[in-house]
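Following: one structure in structure tokens, then a few remarks.
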Amino acid sequence: MTPLLRFRVAAFPAWRVWTRRHWGTGGRLLLLGISVFVVLFPFLWVLAASLKPPTEINRPTLWGFTPTGAIWAEVWLGSPFARYFLNSLLVGGITVGISLAVGTPAAYAFSRFRTGGTGLRFLILAAQMLPPALFIIPFFLMAYHTGLLDTVWAVAAAHLTFIAPLVTWFLIGFFEDVPWDLEEQAMVDGCTRWRAFLRVVLPAARPGLGAAGLFALIMSWNEMFYALMLAGGHSKTLPVAIAGYWTFRGVDLGKMSVAILSAVLPVLVVSFFVQRFLIRGLGGGALKG
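Numbers 14 to 302, taken from my numbering, label the letters of the sequence shown in order.
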């Protein structure tokens, strides 16, 4: 065997390892870059559409333009969009607050005392098995006769019918993960069960509360059917307002882009601050039944 051939044979395994290692890393980075581009491209396109001059808004392939905030100013300052944004905040806040206030003790009762057994656990999810159109007429009549029609309270009440049971189901797994020993030790030290629940169980289940709250906020924030049927005029929420930019004349791309970004950004900001709770929640048994 010649020295050159001997060198090639000796170097081939090392070359194969180097190639596999570097091409594997490069391939993963390439796939990651493609995935990030696919995820971010719709947001970049909507952002570009919201910053384009009105004369260039119908040219989606045009990326070389001078950004302008005229459409943002028109939507936020020249229309009642800010009121609709506040309505969504109110509906989401009411829904999340009441869902957690009702679902937390209910989930604790299910996990600690097996209240109602397994049958009642599944019964609270009955509203998820029926179409929303089945409930809209009773909701409409109740809101009309109580004077709550065309208010955020009617929309929040409708949201509670399907969000509060899901929050309760979501939290059951967290309370089941809190050891009994912690409560027993607290009660031995003189705490009542209620004080042990407040001082021991709730802090231990805080990741679950954060995850359930974010889950409820996203569901309420994006819901459109009940908001469309029970609210109107000054009580519109963001999904209804966004859909309003699709008229018989066509889609107002600029204003709709501004509205979409205004609706998405708050959820992204909230998700960023509670992501550690959400990750721990989804990984800590929150979805087990």
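Every residue gets a Cβ at the ideal spot worked out from N, C-alpha and C, and that includes glycine.
Please read all numbers here as calculations on a predicted model, not as lab measurements.
The alpha helix (DSSP H) that contains residue i, what's its start and end?
i	result
Gly186	165-190
Pro279	266-286
Met237	First-last for Met237: undefined, no H or E at that position.
Val214	Val214 -> no alpha helix (DSSP H), and no H or E assigned at all.
Asp194	193-201
His158	146-159
Ile107	94-126
Glu87	83-90
Leu133	130-136
Could you tell me how far apart the beta carbons of residue i and residue j are, in whole angstroms, since I believe they sit closer than 8 Å?
i	j	result
Ala272	Val253	About 11 Å; that fails the 8 Å criterion.
Phe210	Tyr121	7 Å
Thr108	Ala229	6 Å
Ser233	Ser63	Their Cβ separation, rounded to whole angstroms, is 24 Å, which puts Ser233 and Ser63 out of contact at 8 Å.
Ser248	Thr128	In fact, because the Cβ distance is near 36 Å, the residues do not count as touching under 8 Å.
Pro151	Phe238	That belief does not hold up - the Cβ atoms of Pro151 and Phe238 are roughly 14 Å apart, past 8 Å.
Kindly indicate which residue of the options has the alpha-carbon position closest to the one of residue i.
i	options	result
Glu69	Gly267, Ser284, Val282, Val280	Gly267
Gly77	Leu143, Arg41, Pro66	Pro66
Gly257	Phe50, Gly46, Arg41, Val88	Val88
Ile185	Arg262, Val282, Leu133	Leu133
Ala170	Ser284, Ile111, Pro93, Thr38	Ile111
Gly246	Ser92, Leu278, Pro80, Ala217	Ser92
Ala217	Pro55, Val59, Asp194, Phe188	Phe188
Ile255	Pro80, Leu274, Pro151	Leu274
Phe125	Leu42, Glu236, Asp194	The question names Phe, yet the displayed sequence has Arg at residue 125. The option with the nearest alpha carbon to Arg125 is Asp194.
Leu113	Val277, Leu215, Phe285, Pro279	Leu215
Leu278	Phe153, Phe135, Leu60	Leu60
Trp85	Val49, Ile231, Asp265	Asp265
Phe285	Asn235, Ala276, Trp259, Leu227	Leu227
Glu236	Val283, His172, Leu222	His172
Strictly by DSSP, which residues pair up with residue i?
i	result
Gly263	Thr260
Suppose the cutoff is 8 Å on Cβ atoms and the five residues either side in sequence are ignored; what does the same chain contact list for residue i look like?
i	result
Phe25	Here the model assigns Phe25 a pLDDT of 48, short of 50, so the residue's position is not dependable, and the following value carries that caveat. None.
Ala199	Arg208, Ala209, Arg212, Val213
Gly82	Leu64
Gln141	Phe175, Pro178, Leu179
Val280	Leu230, Ile231, Trp234
Hey, is residue i close to the ligand NAP, as in C-beta under 7 Å from one of its heavy atoms?
i	result
Gly221	The ligand NAP is absent from the structure shown, which contains no ligand whatsoever.
Suppose the cutoff is 7 Å on Cβ atoms and the five residues either side in sequence are ignored; what does the same chain contact list for residue i look like?
i	result
Thr181	Gly116, Ala119, Ala120, Ile137
Thr250	Tyr97, Asn100, Ser101, Val104, Val168, Ala240, Ala244
Ala156	Leu162, Ala167, Leu243
Glu196	Ala209, Val213, Val214
Phe123	Arg134, Ile185
Within the 8 Å Cβ cut-off, does residue i reach chain D?
i	result
Thr68	The structure shown contains no chain D; it holds only a single protein chain.
Ignore the nearest five residues each way along the sequence and tell me which others in residue i's own chain have a CB closer than 6 Å to its CB.
i	result
Ala23	A caution first: Ala23 carries a pLDDT of 48, below 50, which makes its placement in the model unreliable, though a value can still be read off. Around Ala23: no qualifying Cβ.
Leu143	none
Ile149	Met242
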